[in-house]
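Quick note, in the numbering used here, the sequence shown goes up one by one and the last residue is 170.
Working notes, beginning with the structure itself.
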Amino acid sequence: AGEGKSKAVVTTVWDGAGGIGGFFERTFAPKGLGRIYDELLQNLATEVEK
């Protein structure tokens, strides 16, 4: 990023469960994380626009 620009990096590390619980985590967690990331990016945009 240069002058007047910003760069944000979001990193997620997730050590999921095995077995049937892990199956459901791998199935549903990405959608949940997507909602969290969307909210995070919206909050960042709101702060930048102030």
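Just so it is clear, CB atoms sit at the ideal spot from N, CA and C, and this is done for glycine as well.
Note that the structure is a prediction, hence the values are computed from the model and not measured.
- Between L153 and T132, the beta carbon gap of about 6 angstroms places them in contact (Cβ cut-off 8 angstroms).
- Distance from the CA of A128 to the CA of E169, rounded to the nearest whole angstrom, comes to 15 angstroms.
- For G136 against E145, the beta-carbon gap comes to about 5 angstroms, under 8 angstroms, which counts as contact.
- Apart from the 5 residues on each side of it in sequence, S126 sits with its Cβ closer than 7 angstroms to the Cβ of V168 in its chain, given in chain order.
- Non-local beta-carbon contacts of Y157 in its own chain, meaning distances under 6 angstroms to residues more than five positions away in sequence, are absent.
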